[in-house]
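S.K.: Protein chains in written order, with the working numbering: chain A, 1 to 289; chain B, 1 to 268; chain C, 1 to 431; chain D, 1 to 157; chain E, 1 to 372. A virtual CB, placed ideally from N, CA and C, is assigned to each residue, including glycine. Nothing here was measured: the structure is a model prediction, and the numbers come from that model. Mind looking over this structure? Questions follow.
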Amino acid sequence: MLNTITTATGPTPDAGPMRTHPARIIAIKEEAYAIATYEIEFEDPALKEAYQFKAGQFNMLYLPGIGEAPISMSSDPATPQVIGHTIRYAGNLTRAISRLQVGDVIGVRGPYGSAWPLEQIEGDDLCIVTGGIGLAPLRPVIYHVLRHRERYGRVFLLYGARTPDDMLYEDEFESWKQQGIQLYLTVDRADPSWRGHVGVVPMLFYLLRLDPKKTTVLTCGPEIMIHFVIYEAMARRIPKERIYVSMERNMKCGVGICGHCQFGPHFVCKEGPVFPYAAIEPFFGVEDF
Amino acid sequence: MKRKIKPDVKSKPKLAVFKFTSCDGCQLSLLDAEDLLLDIADAVEIAYFVEARDRRLPGPYDVTLVEGSVSTPEHIEQIREIREESKFLIAIGACATAGGIQALRNWRNVDEFINIVYAHPEYIDTLETSTPISEFVRVDFELRGCPISKYQLLDVITALLIGRQPRTPTYSVCIECKRRGTPCVMVSRGIACLGPVTQAGCNAICPSVNRGCFGCYGPMEAPNTDSLGQRLEALGLAPAEIVRLYRNFSGYAEAFRLASDAYEEKIA
Amino acid sequence: MTTLKIDVPYMARVEGEGALNIIVENGEIKHLELNIFEPPRFFEAFLRGRSFMEAPDITARICGICPVAYQMSSAHALEKILDIQVSPEIRALRRLLYCAEWIESHALHIYLLHAPDFLGYESAIAMASDPELRPAVEMGLRMKKIGNQLLTIIGGREIHPLSPTVGGFYRAPTKKELQALRSELEWGLEASIKTVAWTATLDFPDFEPDYELVSLSHPDEYPMNEGRVISSKGLNIPVEEFEEHFLNEHVAHSNAVHVYHRDHGSYHTGPLARLNLNLDKLTPLAKKALEDSGHAFPSNNPFKSIVARAVEVVLAYEEAIRIIDQYVRPNPSRIEAIPKAGEGCHITEAPRGMLYHRYRLDDEGIIQACRIDAPTAQNLKRMEDDLWAFVPQILQLPHEEATLRCEQLVRNYDPCISCATHFLKLNIVER
Amino acid sequence: MSPETIPKLLQTLEFTKDLPPEQLEKLAELAFEVSFPEDFTIFRETDAGELLYLIKSGQIALYVSVPGKGRKTILTLGPGQLLGWSSLFPSSRKTASARTVTPTEAIAFNAAQLREAMDEDKDLGYAILWRVADVIASRLKATRLQLLDIFAPGREC
Amino acid sequence: MPEFTPNIGAFVSIQKSDLQRVLEALKQAGFTLIGPTVDESAIVYGEIDGIDDLPIGWTDRQEPASYRIVRRQDEAFFGYTVGPHSWKKFLFPPKQRLFRVEKKNGSFQVVDEEEPAPRFAFIGVRGCELQAIHIQDRVFLGGPYQDPNYKARRQQVFVLAVNCTEPGGTCFCASLGTGPQVGSGFDIALTELDDTFIVEVGSEVGATMMRNVPWRPTSAFELQQAREALATAVKAMGRQLDTSDLPDLLYNNLEHERWNQVAARCLSCANCTMVCPTCFCNDVLEVSDLKGEQFERVRVWDSCFSIEFSHVHGGNIRPHTRARYRQWLTHKFASWIDQFGILGCVGCGRCITWCPVGIDVTEEIDAIRGEV
């Protein structure tokens with residue numbers, strides 16, 4: 001319904017929330033086979049200054065001629081001028097990114113999505129359970145916890161990878177341990193030189209003595225892994241309200257208007273990717289949902 | 001008369017176009033990209049394209065387009081050699097991806113066919129069947145259609161030049177049909193249409209000219225040919241008509257083949 | 001030098017797959033064959049058992065370059081069986097469609113396939129790398145594009161159009177849709193007149209065989225969709241008598257059947273024949289363009305086919321503009337066909353020459369038998385005869401150039417080998 | 001380490017901690033402490049197996065020998081976990097070999113004695129069987145997950 | 001002719017032919033008229049010039065998988081139900097460039113569109129359709145991010161609504177309360193009687209467009225006729241839907257056997273989502289030139305019935321038709337409420353009519369409810 005007659009020409013729609021912003025790659029660090037971390041900063045100084053993100057959120061990365069894909073931030077949210085994305089070269093965009101070098105430009109828009117509830121869970125023991133590249137969106141949590149170590153109780157990091165060579169951020173593990181993170185690493189497939197654990201990540205729960213009254217579980221990884229993590233956590237009487245899950249769905253617009261990332265009543269790009277398990281329980285595990 | 005062949009200075013990706021049994025229409029799509037033909041020639045080195053040029057550069061080729069179906073014993077050897085020489089091999093068109101209209105022979109006796117057409121059958125050397133390229137070698141990408149869409153072809157070439165995996169939709173023709181605003185010919189006129197089981201890519205031209213889709217882009221992802229077949233019967237099509245409808249330019253593609261075979265059994 | 005061996009294993013810049021083998025020893029041609037190894041596709045065989053309504057769609061797939069010709073010959077032949085009289089509006093739209101195909105096909109041949117022979121390039125793409133020639137290539141491409149655009153407006157797409165059918169068109173374009181192309185057609189008309197002048201400047205070998213030129217002839221217009229079959233040697237028959245006069249044979253070196261006249265042997269069909277036999281039916285600008293070219297027609301020099309083709313492009317553009325200006329959208333766009341048994345044949349003028357179709361239907365409209373004689377099949381024997389006559393003339397040339405001249409001679413016919421390899425020997429096997 | 005510490009230990013280990021005191025006591029009577037150096041093979045695949053262990057500290061790798069491919073570790077066990085469950089079933093053989101990764105301390109039970117105790121005290125038997133079943137179930141789940149090879153490279157956007 | 005325009009909320013009557021004057025006024029004000037018109041086989045929405053382009057004297061007959069236009073006995077202007085098109089194609093076009101990207105000095109630049117949004121007057125919007133527009137308003141404008149393209153078009157649309165007195169065989173708007181009477185949000189709403197239109201003015205702009213139209217106050221008899229026509233329409237509707245407890249009904253039956261049965265029929269062709277006036281799912285394609293210098297971001301309609309739609313790394317979430325149909329139906333009738341506070345269905349019946357195999361959402365929901 002029109003209230004007044006607007007001008008005959010009418011407004012010109014701009015790119016709106018779909019506008020992508022050039023950002024320059026300032027460092028590339030190889031993490032594992034076909035996985036690297038890209039540190040980028042916006043070309044526009046004002047944007048660089050204003051940009052902030054929370055642990056668990058994602059950006060839409062774009063390359064002209066290739067397209068867009070959602071990638072979580074893996075860097076320290078306290079230093080948002082330099083944004084880190086850990087990328088596995090698996091698809092069209094990520095493979096194209098693998099051909100980029102320091103100084104090249106990619107498009108970025110964001111941040112989008114929900115974050116790990118870092119304030120809300122202060123005082124808790126944290127049990128971070130993750131596999132594969134799922135550690136990337138949890139690294140900002142670790143940085144935050146290390147910055148504010150006193151605000152959290154015991155911190156367990158349970159991390160599984162396919163093989164020892166697939167482990168991300170290995171060079172940081174020692175420092176994390178020294179700062180009081182209890183690190184449990186496991187691999188699905190070990191070579192004889194591996195002295196650590198073998199087996200899937202959820203099996204690491206058997207090594208822990210968790211206090212169900214004050215433990216919060218944060219988990220990210222393949223959905224099937226999350227299933228087992230939830231199972232183990234619930235078996236240890238950790239309430240589902242204190243299990244947080246980062247979900248993967250097909251996020252295309254990032255702003256809740258394209259419909260692709262629906263998960264029951266939720267848009268994963270908007271209300272997710274981080275959900276308390278209690279919010280998604282009715283739909284989690286429904287076949288092909 | 002001297003031949004003036006300008007050498008290509010810089011190293012550009014090499015494109016080759018090969019033909020098997022076909023009508024030439026799909027490779028013609030490249031020449032039909034009139035506005036962009038010279039741009040393509042600038043962007044890639046057209047190393048082998050007999051329809052357009054005499055020059056034939058040896059492989060390896062970065063991108064190879066293969067038109068036509070395999071229908072003679074020599075073809076099998078040739079396609080294997082071409083595969084060896086090709087980094088990225090694209091089968092273009094219904095002949096190369098499904099055997100083409102000439103795959104209708106696959107349901108019949110070829111000797112009888114030869115006798116119908118030729119006075120001296122002993123001169124003809126042909127296989128029993130006309131089959132897609134993928135029956136014999138690995139195919140990196142398939143462009144469907146009879147003929148292919150030149151827009152899809154350009155998109156694929158552009159994608160490869162830019163470094164993107166080409167991707168074409170695998171959903172139904174109906175999506176394109178509705179995007180262009182054509183009222184469904186089956187619902188509004190009772191015209192038999194394979195659109196709901198056929199892969200998009202043609203921009204739903206047939207319904208836009210008031211006729212049903214006859215499936216030249218082949219089966220869509222997970223086509224429900226059973227359900228559509230029931231609907232076609234309800235519209236009054238005899239099983240023989242349904243057989244003919246499915247057994248068309250991409251009729252030898254598995255899902256359509258099975259659907260037509262099922263209706264043929266009904267007749268028998 | 002009187003010994004020559006020409007071996008072109010895979011002819012370029014023709015549609016389809018063919019080879020050329022010539023052996024001359026001591027000035028005597030020992031062996032000469034145009035080997036058509038394009039594999040057969042058996043259209044006549046698998047058309048049996050298909051519905052008559054499918055014939056235009058299926059036969060179009062014989063050739064990606066001239067699908068309209070197949071649609072037109074089949075539709076007309078079937079309409080004769082089914083007693084369908086199309087309206088004048090449908091007839092006009094069909095002529096417009098044919099104009100589009102002539103433009104597209106001829107522009108392709110003139111600029112992309114044939115001109116490189118005259119100018120010493122291996123392809124139009126190589127020609128375009130010469131700054132002096134690039135504008136000509138670009139002009140040719142745009143001329144071709146306009147033909148394709150017209151095909152798309154009428155037929156839904158340029159290759160294998162979807163709208164033409166038995167009885168008319170599934171959908172007829174609106175006048176507005178056609179008029180949208182009018183300014184481009186005017187540009188094309190200008191360009192085509194320039195093209196005639198340009199082709200006239202090319203270098204033509206001195207070669208005029210004694211041809212029997214055969215084409216359609218229509219009392220009122222330059223032939224496309226209808227007419228009687230006439231020849232430069234006095235033939236004048238209705239299309240229904242085609243098979244009485246023209247026979248075909250299957251030779252060992254070819255997957256294509258050779259068509260020949262029962263009394264005169266090989267003959268020549270296509271633009272050169274059409275132009276020679278229909279000079280009085282040229283449209284005004286086409287006539288003028290031909291006069292201005294400085295080449296005297298009739299001419300039996302096959303190398304001048306390129307001029308004939310260019311003149312036909314002018315004609316096609318002129319006719320297209322006229323038809324669009326007078327266009328009344330056919331309503332209905334097609335006459336409903338009611339199946340019945342019978343037999344009928346027809347010839348239309350494909351860009352490359354006469355295209356003969358004959359069908360026999362049962363009372364449900366299912367095809368029982370058919371015969372298709374494509375223009376290239378009709379010309380194949382003539383091409384070989386041309387080579388027999390031409391080769392002695394080039395024996396002194398360097399081998400490479402002699403080879404090229406032979407190829408060029410074949411390319412004069414714009415051979416469409418894909419078309420040529422699907423024949424039915426009429427008097428054979430009836431199931 | 002004195003025998004009195006065993007009941008205390010059992011109270012803290014995940015496997016046994018919720019058992020009532022009298023059952024703990026019975027178990028303690030059967031239990032004895034063992035320790036293994038690094039890289040010590042505790043049992044081998046296809047062994048009959050006489051002992052069960054509850055790991056107190058250290059890490060143990062379960063591996064199978066694949067002809068031509070050598071030893072493949074399929075699982076590691078750590079503090080609190082049960083090792084050698086198959087010994088409980090008389091007809092069963094070891095399904096994998098166990099070797100210490102680090103020096104390991106454990107509480108061991110003679111399987112035959114344990115079975116006897118479980119037969120005598122049905123409540124104890126019931127409780128132990130439940131726990132063993134749970135362990136087997138969890139190993140089965142983990143094995144399935146491992147089989148899925150969930151971190152294998154796949155297509156992405 | 002009264003010198004003044006009717007007030008907002010007023011009911012006035014005009015001669016039917018004088019609708020042309022309203023349309024003239026709209027054109028003068030710079031609106032492109034979009035309205036129903038007879039195409040070859042359907043009443044479609046397209047650009048019209050005046051009342052002569054309206055489907056006067058035509059109606060349609062609809063049932064699952066069947067739609068036919070037929071002549072009416074009378075010369076009603078709006079005597080049809082709803083056709084294959086919905087208004088969404090004008091506010092949310094099936095294919096639309098969002099912006100361009102140009103490579104420049106080792107970086108790139110986003111180039112906004114320069115074309116101003118078109119200014120549409122929608123002629124003949126039904127109650128269900130107006131509700132559909134409201135629903136898409138919530139999708140594209142109701143969240144933290146607004147879609148600028150939708151907004152630019154939407155905010156200058158003029159809505160000439162029509163109360164529906166011609167419900168079709170597949171309609172069920174009465175069950176959802178979205179029709180046959182138009183709700184709020186129109187500029188002008190018409191009720192068609194034999195010789196006159198009753199005009200309800202809904203906005204100032206609507207009133208302005210009545211400036212040159214001879215009108216008279218609507219009589220009580222006419223109002224009564226209009227009420228009766230609407231009451232008849234409610235009864236004439238071909239379908240019904242029990243909406244009670246809908247989200248829970250579906251959420252609690254995600255493994256119902258009926259999903260398998262409907263999947264056996266469903267073609268996954270996506271027609272239902274394409275014709276649905278509220279379905280909004282879309283995809284953005286990257287289009288590039290051969291030289292790799294110019295790029296376009298092009299938004300197209302997408303559908304949850306395509307497999308690629310729910311792609312995640314390593315596979316697709318909903319590989320089978322069963323899951324995709326379930327997703328669509330539960331979205332429309334359950335999760336839509338969670339997402340937008342409103343049911344995603346307006347009861348227009350398009351998905352039933354235009355499903356090539358005639359799958360009927362009302363029947364599917366009844367089946368899950370256990371009432372079939």
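Apart from the five residues just before and just after Y325 (chain E), which ones in its own chain have a Cβ nearer than 7 angstroms to its Cβ?
M.R.: For the purposes of this step, residue 325 (chain E) is taken as the residue at position 325 of the fifth sequence. Once the five neighbours on either side are set aside, the close Cβ partners of Y325 (chain E) are W259, V262, A263, C266.
S.K.: Alpha carbon to alpha carbon, how far is E281 (chain A) from S310 (chain E)?
M.R.: As a working note, residue 281 (chain A) is residue 281 in the first sequence. As a working note, residue 310 (chain E) is residue 310 in the fifth sequence. The straight-line gap from Cα to Cα measures roughly 20 angstroms.
S.K.: Scan the segment 306-332 of chain E for residues whose Cβ lies nearer than 9 angstroms to a Cβ of chain B and list them as they occur along the chain.
M.R.: Within the segment 306-332 of chain E, the residues whose Cβ lies closer than 9 angstroms to some Cβ of chain B are S306, I307, E308, F309, P319, H320, T321, listed in chain order.
S.K.: Whole angstroms is fine: what's the gap from Y251 (chain E)'s alpha carbon to V274 (chain A)'s?
M.R.: Position 251 of the fifth sequence, counted from the start, is the residue given in the question as residue 251 (chain E). Position 274 of the first sequence, counted from the start, is the residue given in the question as residue 274 (chain A). Straight-line Cα distance between these residues: approximately 22 angstroms.
S.K.: Looking only at its chain, what residues have a beta carbon closer than 6 angstroms to the beta carbon of A136 (chain A), apart from the 5 residues adjacent to it on each side?
M.R.: Residue mapping note: residue 136 (chain A) aligns to position 136 of the first sequence, counting from 1. Around A136 (chain A): S72, S74, T86.
S.K.: I'd like the span of the beta strand (DSSP E) that includes V159 (chain E), first residue to last.
M.R.: Stepping through the fifth sequence from its first residue, residue 159 (chain E) is reached at position 159. Segment 158-162, the beta strand (DSSP E) holding V159 (chain E).
S.K.: Hey, would you say A94 (chain B) sits closer than 9 angstroms to G212 (chain B), going by beta carbons?
M.R.: Taking the first residue of the second sequence as 1, we reach residue 94 (chain B) at position 94. Taking the first residue of the second sequence as 1, we reach residue 212 (chain B) at position 212. Contact: no.
S.K.: Please state whether DSSP places E254 (chain B) in a helix, a strand or coil.
M.R.: In the second sequence, residue 254 (chain B) corresponds to position 254, counting from 1. Helix.
S.K.: Counting only Cβ-Cβ distances shorter than 7 angstroms, please list the residues of the segment 20-52 of chain C near chain B, keeping chain order.
M.R.: From the segment 20-52 of chain C, only P39, P40, R41, F42, E44, A45, F46, R50, S51 have a Cβ closer than 7 angstroms to chain B.
S.K.: What residues in the segment 127-158 of chain A bring their beta carbon closer than 7 angstroms to a beta carbon of chain D?
M.R.: Flagged, chain order: G131, G132.
S.K.: What residue range does the beta strand (DSSP E) around G342 (chain C) cover?
M.R.: By 1-based counting over the third sequence, the position of residue 342 (chain C) is 342. Segment 342-350, the beta strand (DSSP E) holding G342 (chain C).
S.K.: According to DSSP, simplified to helix, strand and coil, what is A16 (chain B)?
M.R.: Within the second sequence, the letter at position 16 stands for residue 16 (chain B). DSSP places A16 (chain B) in strand when its eight states are reduced to three.
S.K.: Which two residues bound the contiguous beta strand (DSSP E) that contains S72 (chain A)?
M.R.: Counted from its first residue, the first sequence places residue 72 (chain A) at position 72. Counting along the chain, the beta strand (DSSP E) containing S72 (chain A) begins and ends at 67-72.
S.K.: The alpha helix (DSSP H) with A117 (chain E) in it runs from where to where?
M.R.: Position 117 of the fifth sequence holds residue 117 (chain E). Per DSSP, A117 (chain E) belongs to no alpha helix (DSSP H) and is neither H nor E.
S.K.: Using three-state DSSP, classify K291 (chain E) as helix, strand or coil.
M.R.: Residue 291 (chain E) sits at position 291 when you count from the first residue of the fifth sequence. In the structure shown, K291 (chain E) sits in coil (DSSP, three-state: anything other than H, G, I, E or B).
S.K.: Could you tell me which whole alpha helix (DSSP H) segments of length 4 or greater appear in the segment 54-107 of chain C?
M.R.: Runs of the alpha helix (DSSP H) inside the segment 54-107 of chain C: 55-60, 67-81, 88-107.
S.K.: Start and end of the alpha helix (DSSP H) containing N260 (chain E)?
M.R.: Looking up residue 260 (chain E) in the fifth sequence gives position 260. N260 (chain E) -> alpha helix (DSSP H) spans 258-265.
S.K.: Between the segment 35-51 of chain C and the segment 154-168 of chain C, can you find at least three pairs of beta-carbon atoms closer than 8 angstroms?
M.R.: Segments in contact, no.
S.K.: Could you list which residues in chain A have their beta carbon closer than 8 angstroms to that of Q81 (chain D), in chain order?
M.R.: If you number the fourth sequence from 1, residue 81 (chain D) lands on position 81. By Cβ distance, chain A contributes Y206, L207.
S.K.: Give a yes or no on whether the C-beta atoms belonging to L54 (chain D) and L83 (chain D) are separated by under 9 angstroms.
M.R.: Sequence index remark: in the fourth sequence, residue 54 (chain D) carries index 54 (1-based). Sequence index remark: in the fourth sequence, residue 83 (chain D) carries index 83 (1-based). In contact: L54 (chain D) and L83 (chain D) (Cβ atoms closer than 9 angstroms).
S.K.: Looking at C-alpha atoms only, which residue of E:I368, E:H313, E:E47, E:D283 is the closest neighbour of H260 (chain A)?
M.R.: Counting from one through the first sequence, the residue named residue 260 (chain A) turns up at place 260. Among E:I368, E:H313, E:E47, E:D283, the Cα nearest to that of H260 (chain A) belongs to E:D283.
S.K.: Have a look at E122 (chain C) and C26 (chain B) and give me their C-alpha separation to the nearest angstrom.
M.R.: Counting from one through the third sequence, the residue named residue 122 (chain C) turns up at place 122. Counting from one through the second sequence, the residue named residue 26 (chain B) turns up at place 26. Approximately 22 angstroms between the Cα atoms of the pair.
S.K.: Considering only residues of the segment 334-413 of chain C, which uninterrupted alpha helix (DSSP H) runs meet the minimum length of 4 residues and lie entirely inside it, listed in chain order?
M.R.: If we require 4 residues or more, the alpha helix (DSSP H) runs fully inside the segment 334-413 of chain C come out as 375-394, 399-411.
S.K.: Can you check whether the CB of S232 (chain C) is closer than 9 angstroms to the CB of L285 (chain C)?
M.R.: Your numbering for residue 285 (chain C) matches position 285 in the third sequence. Your numbering for residue 232 (chain C) matches position 232 in the third sequence. The answer is no: Cβ separation not under 9 angstroms.
S.K.: List, in chain order, every chain D residue whose beta-carbon is nearer than 9 angstroms to that of I35 (chain A).
M.R.: As a position in the first sequence, residue 35 (chain A) is number 35, starting the count at 1. Per Cβ cutoff of 9 angstroms: no residues; I35 (chain A) is ~10 angstroms from chain D at best.
S.K.: Are the CB atoms of Y48 (chain B) and L37 (chain B) within a distance shorter than 9 angstroms?
M.R.: Here residue 37 (chain B) refers to the residue found at position 37 of the second sequence. Here residue 48 (chain B) refers to the residue found at position 48 of the second sequence. No, Cβ-Cβ distance for L37 (chain B) and Y48 (chain B) is not below 9 angstroms.
S.K.: Ignore the nearest five residues each way along the sequence and tell me which others in A107 (chain C)'s own chain have a CB closer than 7 angstroms to its CB.
M.R.: One-based indexing of the third sequence puts residue 107 (chain C) at position 107. G140, M143, K144, G147, V313.
S.K.: If you pair each beta-carbon of the segment 209-222 of chain E with each one of the segment 270-282 of chain E, do three or more pairs fall below 8 angstroms?
M.R.: No, they do not touch.
S.K.: In chain order, what residues of the same chain lie with their CB nearer than 6 angstroms to the CB of H197 (chain A), ignoring the 5 residues before and after it?
M.R.: Mapped onto the first sequence, residue 197 (chain A) falls at position 197. Once the five neighbours on either side are set aside, the close Cβ partners of H197 (chain A) are T186.
S.K.: Can you confirm whether G107 (chain A), when its beta carbon is compared against all beta carbons of chain B, has any partner nearer than 9 angstroms?
M.R.: As a position in the first sequence, residue 107 (chain A) is number 107, starting the count at 1. Answer no: the Cβ-Cβ gap between G107 (chain A) and chain B never drops below 9 angstroms.
S.K.: In whole angstroms, what separates the C-alpha of E156 (chain D) from that of Q240 (chain E)?
M.R.: Counted from its first residue, the fourth sequence places residue 156 (chain D) at position 156. Counted from its first residue, the fifth sequence places residue 240 (chain E) at position 240. With a pLDDT of only 44 at E156 (chain D), under the threshold of 50, the placement of this residue in the model should not be trusted, and no figure is reported.
S.K.: Run down chain E in chain order and give the residues with a C-beta less than 8 angstroms from the C-beta of N250 (chain A).
M.R.: Within the first sequence, residue 250 (chain A) is the residue found at index 250, counting from 1. Neighbours of N250 (chain A) on chain E, chain order: F309, S310, H311, V312, I317.
S.K.: If we count the other Cβ atoms within 10 Å of its Cβ and call it buried at 16 or more, is E170 (chain A) buried or exposed?
M.R.: Residue mapping note: residue 170 (chain A) aligns to position 170 of the first sequence, counting from 1. With fewer than 16 other Cβ atoms within 10 Å, it is exposed.
S.K.: Less than 9 angstroms between the C-beta atoms of F36 (chain D) and T104 (chain D), yes or no?
M.R.: What you label residue 36 (chain D) is simply residue 36 of the fourth sequence in a count that begins at 1. What you label residue 104 (chain D) is simply residue 104 of the fourth sequence in a count that begins at 1. It is a contact, given that the beta carbons lie within the stated cut-off.
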